[in-house]
Amino acid sequence: MRNMRRVMRYIVSENNKLVSKFWLTAICMLFASLIPCSPCYSQSWTADNGNGTYTNPLFYDEFSDPDILRVGDDYYLAGTTMHTVPGLVILHSKDLVNWKNISYCFDRFDFDDDAFALKNHKEIYGQGVWAPAIRYANGQFYVFTNINGKGLQCYTSKDIRGPWKHHNMQGRIYDLSVLFDDDGKIYAIHGYGEVKCTELKPDMSGPIEETERTIIPEGNAVGEGHHMYKINGMYYLISTDYRPNGRTLCSRSKSIWGPYETITITADETFGYHTASLTQVPRGEKYRIGHDGTKFGIPEVDKDATACTNIHQGGIVEDQSGQWWALLMMDFHSIGRTVTLAPITWKDGWPMIGLEGNLGRAPRTWVKPNITRKEEGERRKENTTYAPYDRNDDFEYSHSTLHTPHSTLRTPHSTKITSLKPIWQWNHNPDDSKWSLKKGRLRLQSMPAEQLMWARNTLTQRVIGPKSIATVELYTKGMKDGDVAGLGNINVPCSWIGIVKDGKSFTLRCFEQATNDTVDISPASFLLPPSSRIYLRMVGDYDNDRAHYEYSLDGTNYQQVGREMPLSYQLISFQGSRHALFAFNKNGKNGGYAEFDNFTVEEPMADRSKNIPYGKSFRIINLATGKPAIALKHGLLHDTDGFRPAPSSDKNAEVTSDLTRFHIIDKGQGKVILQCEDGRYVFCSGYGIAGDVRLTADESKAEVFMWQDYLNREFMLMSMRTHRYVGKSPTTGSPYSMDFTGSDPARRNGAVFRWEE
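Quick note: the sequence shown uses my numbering, first residue 1, plus one each step.
Here's what the structure looks like:
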């Protein structure tokens with residue numbers, strides 16, 4: 001398809017009277033409809049399972065500090081973007097499960113400050129915009145946020161797609177929530193531990209300083225990341241605390257000024273993910289973004305610890321049916337922080353996360369919100385499934401019609417940024433005179449930098465898990481002496497693979513800052529083809545925090561360069577791993593240029609259609625014990641420890657091989673019943689921990705489970721009746737029961753299984 005567009009462009013250039021631009025677009029669209037997309041690049045992670053259920057996370061890439069807003073039938077989600085631009089991302093959804101990027105509040109920081117542009121060795125890593133609050137009142141949208149050193153900021157627009165007006169409100173208010181109260185007053189709730197409330201001026205010119213009051217004193221175990229709501233006349237404040245580990249709290253009062261009572265509404269829900277490795281950096285500004293990687297540490301983690309991995313900071317929203325939902329973030333290993341969707345059960349006036357019978361925990365897989373909307377005069381279910389972004393880019397001049405379903409971004413300044421796909425963000429404000437789109441390629445002109453983290457005009461996008469392979473074509477013809485260009489991971493520590501030009505010679509180099517190490521392939525064994533094109537690739541296993549680089553001269557045969565690198569999350573730039581296209585000059589001067597083309601992201605685990613073993617005979621292996629489950633003739637579900645299966649032909653044997661084999665019967669919408677190969681069905685007899693998991697010949701008594709997909713053939717079984725999970729203690733020797741609240745972070749408490757054909 002890419003080559004077809006280039007052929008048609010050539011025809012136009014040769015005889016512009018023959019084919020108009022209009023017809024060129026029409027022809028390209030026709031070919032696009034006839035030529036199937038490559039299956040490798042056509043599918044991206046979406047939470048929607050296509051059967052009326054969804055599986056967390058909503059996005060398998062970074063989206064921090066989510067704040068949720070509903071206006072009529074539309075839902076909007078605002079999130080942190082830190083130092084990258086365009087900034088303050090806004091996603092849109094009709095069903096809370098499928099989202100798409102429709103706006104950014106600004107295309108660049110409009111402060112005359114070198115740090116925002118990565119100039120003169122100044123930077124704002126780990127700063128910029130964070131923890132936004134999105135609201136709708138007075139016929140317009142408001143997005144409030146803090147910018148380090150600049151104070152409280154507000155962006156307003158009549159249209160969620162922009163353009164947005166910037167109000168610098170200043171004042172020391174950050175990590176805030178905003179409430180437009182019924183009496184017309186506007187309140188900002190902010191602070192950690194000691195929670196304060198300050199009234200804001202209606203024209204967004206600033207806070208009314210003399211109104212600031214403490215509404216929750218220190219000592220009430222309340223945290224930060226506030227989200228304030230007024231529901232049925234009661235004020236509810238959702239916040240998060242991380243001491244000693246992550247918890248989500250709710251405080252409520254009949255008055256905005258208090259007094260408040262507080263409870264924990266969710267804790268320990270990690271979906272079976274342990275805490276991430278956090279980059280350790282020595283104290284001192286010198287090592288803030290890292291010069292000598294040997295100073296860094298990426299320690300081993302305690303896989304049994306929750307830390308702040310669990311679902312925590314975020315907002316709540318009521319859907320059209322009256323059901324409430326929480327959109328909370330969780331630390332997702334080297335990916336960074338991402339968003340989860342959890343049902344809310346109101347209990348004694350508290351919005352508890354989870355389902356009746358298992359409050360405080362949340363299912364990883366659950367039924368989509370029961371949302372209908374009016375369209376063309378008919379009520380219908382919203383069933384469109386799509387991913388938030390199109391990650392692949394061939395760097396054509398316009399992506400608004402042929403390349404992406406997203407709306408064209410309408411930002412107030414640069415027209416260049418709008419011609420890049422919405423997935424892309426610059427690392428700090430770019431120098432618009434030093435980049436361009438030329439003949440279907442991205443051209444980056446090299447500027448002085450000592451290493452990647454100081455390289456200006458670095459174009460980035462978030463990595464996506466659980467696994468993905470990012471590939472780009474690099475053209476080196478325009479590079480000059482001292483130029484370095486390639487594909488990197490802009491994180492702390494950073495890494496990259498690319499071409500270094502010294503004099504007239506080229507060297508392929510892989511650099512890993514964590515070890516301060518380089519692996520070079522010298523000109524003696526490495527020759528660029530006549531086209532001066534090389535293919536660079538990053539292969540990431542982000543669930544397991546590792547990645548490596550590869551290169552190819554023909555786009556087919558790839559060779560690994562460097563080691564399998566450990567990845568981490570870190571609280572220096574407060575971001576996870578990010579792909580980076582870069583060009584800089586290591587000799588301290590302006591150099592030549594590098595060109596990039598055909599950036600593609602392959603997601604081998606995005607298709608989850610075969611994760612549930614429909615129509616298969618399988619064994620159930622308990623991850624905690626490593627032993628298969630067995631349906632004893634005695635009537636209990638146990639494991640094979642101490643039992644030696646006899647041939648299935650021995651009808652008198654207590655244990656036969658068919659008793660370790662199971663099938664599932666599909667009950668629709670992700671619900672299944674479990675059947676042993678001897679014909680009996682799994683059910684639960686009794687209550688709580690004393691509720692044995694047993695076998696029955698009566699299908700009508702079979703327990704209906706919601707299959708919880710934990711990927712890689714791992715799963716849990718949640719009872720639709722009790723909302724508890726099947727499990728077996730790895731230490732007590734007891735048979736299976738159905739009183740497990742969920743998985744522990746290491747997946748070894750006995751509630752997570754793996755299926756084997």
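From the three backbone atoms N, C-alpha and C, an ideal C-beta is built for every residue, glycine too.
>> Assuming the contact rule is C-beta atoms closer than 8 Å, Gln461 and Thr53 should be a hit. Round their C-beta distance to whole Å, please.
In response: The beta carbons of Gln461 and Thr53 sit about 28 Å from each other, so the pair does not count as a contact at 8 Å.
>> Would Gly742 pass as an interface residue toward chain B - the criterion being a Cβ-Cβ separation below 7 Å?
In response: No chain B appears in the structure shown, which is made up of a single protein chain.
>> Give me the residue from Phe740, Asp183 and Leu536 with the minimum Cα distance to Ala485.
In response: With distances taken between Cα atoms, Ala485 lies closest to Leu536.
> What does DSSP give as the partner residues of Leu474 in its beta bridges?
Replying inline: Within the DSSP bridge table, the entry for Leu474 names Ile534 and Phe596 as partners.
>> Give me, in chain order, the residues of the same chain whose beta-carbon lies closer than 8 Å to that of Lys185; leave out the 5 immediate sequence neighbours on both sides.
In response: These residues qualify, in order along the chain: Glu199.
> Helix, strand or coil: which one does DSSP assign to Phe116?
Replying inline: Phe116 falls in the helix class under three-state DSSP.
>> Quick check on this structure: which residue in Trp325, Glu602, Leu69 and Phe511 has the alpha carbon closest to the alpha carbon of Leu341?
In response: Closest by alpha carbon: Trp325.
> From Gly750 to Asn220, what does the alpha carbon distance come to, in whole angstroms?
Replying inline: Cα-Cα distance, rounded: 35 Å.
> Which of the three DSSP states, helix, strand or coil, is assigned to Met204?
Replying inline: Correct three-state label for Met204: coil.
> Going along the chain, which unbroken runs of the beta strand (DSSP E) with 3 or more residues stay wholly within the stretch 652-696?
Replying inline: Runs of the beta strand (DSSP E) spanning 3 or more residues and lying entirely within the stretch 652-696 occur at 662-668, 671-676, 681-685 and 692-696, in chain order.
>> Between the alpha carbons of Arg236 and Arg213, how many angstroms are there, rounded?
In response: Correcting the residue identity first, residue 236 is Tyr in this sequence and not Arg. Distance between the alpha carbons of Tyr236 and Arg213 is about 17 Å.
> Residues in its own chain within less than 7 Å of Glu224 by CB, not counting five upstream and five downstream?
Replying inline: Answer for Glu224: Asp175, Tyr192, Ser239 and Thr240, listed in chain order.
> In chain order, what residues of the same chain have a beta carbon less than 6 Å from the beta carbon of Arg713, not counting five sequence neighbours either side?
Replying inline: If we look at Arg713 and ignore the five residues flanking it on each side, its Cβ neighbours are Arg754 and Trp755.
> How would you call Thr741, buried or exposed, if buried means at least 16 neighbouring beta carbons within 10 angstroms?
Replying inline: It counts as buried.
>> Quick check: the Cα distance between Ala387 and Lys100, rounded to an integer number of angstroms?
In response: Near 7 Å, if we compare the C-alpha coordinates of Lys100 and Ala387.
> Near Ala514, what residues of its chain come up, given a Cβ to Cβ distance below 8 Å and the 5 sequence neighbours on each side ignored?
Replying inline: If you ignore the 5 residues before and after Ala514, its C-beta comes within less than 8 Å of the C-beta of Gly293, Phe296, Ile298, Pro493, Ser495, Met565 and Pro566, all in its own chain and listed in chain order.
>> Taking the alpha carbon of Ser734 as the reference point, which residue from Lys504, Thr625 and Thr696 has its own alpha carbon closest?
In response: Looking at the Cα atoms, Thr625 is the closest of the given residues.
>> Below 8 Å on the Cβ atoms is my contact criterion, and I expect Leu444 with Leu581 to pass it. Report the Cβ-Cβ distance as a whole number of Å.
In response: That belief holds up - the Cβ atoms of Leu444 and Leu581 are roughly 7 Å apart, short of 8 Å.
>> Given this structure, state the Cα-to-Cα distance separating Arg724 from Arg361, to the nearest angstrom.
In response: Each residue's CA atom was taken as its position, placing Arg724 and Arg361 some 10 Å apart.
>> Considering just the uninterrupted stretch of the beta strand (DSSP E) at Lys501, what are its terminal residues?
In response: Where Lys501 is concerned, the enclosing beta strand (DSSP E) stretches over Ser495 to Asp502.
> For Trp346, does the count of other Cβ atoms within 10 angstroms reach 16, so buried, or fall short, so exposed?
Replying inline: The C-beta of Trp346 has fewer than 16 other C-beta atoms within 10 Å across all chains shown, which makes the residue exposed.
> Could you give the distance in angstroms between the alpha-carbon of Arg747 and the alpha-carbon of Asp304?
Replying inline: Using only the alpha carbons, I get a separation of about 9 Å.
>> Less than 6 Å between C-beta atoms, sequence neighbours within five positions excluded: which residues of the same chain meet that for Asp541?
In response: A distance below 6 Å between beta-carbons, with the five flanking residues on each side excluded, links Asp541 to the following residues of its chain, in chain order: Lys467.
> Beta-carbon separation of Ile499 and Thr518 under 7 Å?
Replying inline: Ile499 is not a Cβ neighbour of Thr518, given a cutoff of 7 Å.
> Of the residues Lys368, Ile423, Ser743 and Ile335, which one's Cα is nearest the Cα of Gly576?
Replying inline: It is Ile335 whose Cα lies nearest to the Cα of Gly576.
>> Give the list of continuous beta strand (DSSP E) stretches no shorter than 3 residues that lie fully inside the stretch 229-262.
In response: List check, beta strand (DSSP E) in window: 234-241 and 247-253.
> DSSP on Lys185, reduced to helix/strand/coil?
Replying inline: For Lys185, the secondary structure class from DSSP, reduced to helix, strand or coil, is coil.
> If you drop the 5 nearest sequence neighbours on each side, which residues of the same chain put their C-beta closer than 8 Å to that of Asp182?
Replying inline: Excluding five sequence positions before and after Asp182, the CB atoms of its chain that fall closer than 8 Å to its own CB belong to Lys230, given in chain order.
>> Let's test the definition: count the other Cβ atoms within 10 Å of the Cβ of His312 and tell me whether it reaches 16, buried, or not, exposed.
In response: Buried is the call here.
>> Quick check: what's the CA-CA separation for Ala307 versus Thr270?
In response: For the pair Ala307 and Thr270, the Cα-to-Cα distance works out to about 10 Å.
> Which residue comes first and which comes last in the beta strand (DSSP E) that contains Glu212?
Replying inline: Here Glu212 belongs to no beta strand (DSSP E), and DSSP marks it neither H nor E.
>> To test your reading of the DSSP string, which unbroken beta strand (DSSP E) runs of 3 or more residues are found completely within the stretch 551-605?
In response: Segments of the beta strand (DSSP E) lying fully in the stretch 551-605: 559-566, 578-585 and 593-602.
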